[in-house]
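Colleague:
Residue numbers (this note's numbering): 1 to 177.
Given below as structure tokens:
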């Protein structure tokens, strides 16, 4: 069963990632390729590193893994980062506003859907308190959600930063060449 779930999750997020990358290709051109590769690499390395620190662990239900990370997770990052950026652009927001919107939407998607469903209900990963974690400065009364506050900050920051990187490549590299 877990291999089936893993295969279905990989298929779903590869297709969704391909859709968002293809759509962004029309708005940002060839620069979507290095941005997608960066998201995949950072997503895989970051998830492997942080899950290895004991903040959370992925359960065997995920099926297919690269190291400690389910294969679909980096593709989920691509889909979320790019679709949040696309949403801001489709709404006609200016570049800076679209980036802020992407970060805010990334946070909301994780807070409302990803953590409550994938972690709490389905149990694809389990969170564990860590005393000296990256965000240990956050007062305990603020850590009453499905995941620690730092997790939501990452879900806000990563779509913003990856959108910023894409926009910079799109605007600056043609000026240099």
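Ideal Cβ positions, reconstructed from N, Cα and C, are used throughout, including at glycine. Here the structure is a predicted model, which is why all the values come from computation and not from measurement.
DSSP puts residue 70 in a beta bridge; with which residues?
Modeller: Answer by DSSP bridge pairing, in chain order: 65.
Colleague: Which class does residue 58 belong to by DSSP, given the choice of helix, strand or coil?
Modeller: Residue 58: strand per DSSP, three-state reduction.
Colleague: Label residue 90 either buried or exposed according to how many other C-beta atoms from any shown protein chain fall within 10 Å of its C-beta, with 16 as the threshold for buried.
Modeller: Its Cβ having fewer than 16 others within 10 Å, residue 90 is exposed.
Colleague: Give the DSSP-derived three-state secondary structure of residue 182 in the structure shown.
Modeller: Residue 182 falls outside the range modelled here, since the chain spans only 1 to 177, and no answer is possible.
Colleague: According to DSSP, which residues form a beta bridge with residue 126?
Modeller: DSSP lists 57 as partners of residue 126.
Colleague: When DSSP labels each residue in this structure, what does residue 96 get in the three-state scheme?
Modeller: If DSSP states are grouped into helix, strand and coil, residue 96 belongs with the helices.
Colleague: What is the rounded straight-line gap between the Cα of residue 206 and the Cα of residue 175?
Modeller: The shown model of the chain, from 1 to 177, leaves out residue 206, and the question about it has no answer.
Colleague: Buried or exposed for residue 126, please, with buried defined as at least 16 other CB atoms from any protein chain shown within 10 angstroms of its CB.
Modeller: Exposed, because fewer than 16 other Cβ atoms sit within 10 Å of the Cβ of residue 126.
Colleague: Return the CA-CA distance between residue 211 and residue 79, expressed in angstroms with no decimal places.
Modeller: This structure cannot settle anything about residue 211, because the visible part of the chain is limited to 1 through 177.
Colleague: My output table needs one value for residue 147: the three-state DSSP class, helix, strand or coil.
Modeller: Three-state DSSP puts residue 147 in coil, outside helix and strand.
Colleague: For residue 34, is the classification buried or exposed, using 16 other Cβ atoms within 10 angstroms of its Cβ as the cut-off for buried?
Modeller: Looking at its Cβ environment, which holds fewer than 16 other Cβ atoms inside 10 Å, residue 34 is exposed.
Colleague: Less than 6 Å between C-beta atoms, sequence neighbours within five positions excluded: which residues of the same chain meet that for residue 85?
Modeller: Cβ neighbours of residue 85 beyond the five flanking positions: 102 and 163.
Colleague: So, do the region 149-157 and the region 103-123 have three or more beta carbon pairs nearer to each other than 8 Å?
Modeller: Yes: the two stretches touch, three or more of their Cβ pairs being nearer than 8 Å.
Colleague: Here's the rule: buried if 16 or more other CB atoms are within 10 angstroms of the residue's CB, otherwise exposed. What is residue 177?
Modeller: Under this definition residue 177 is an exposed residue.
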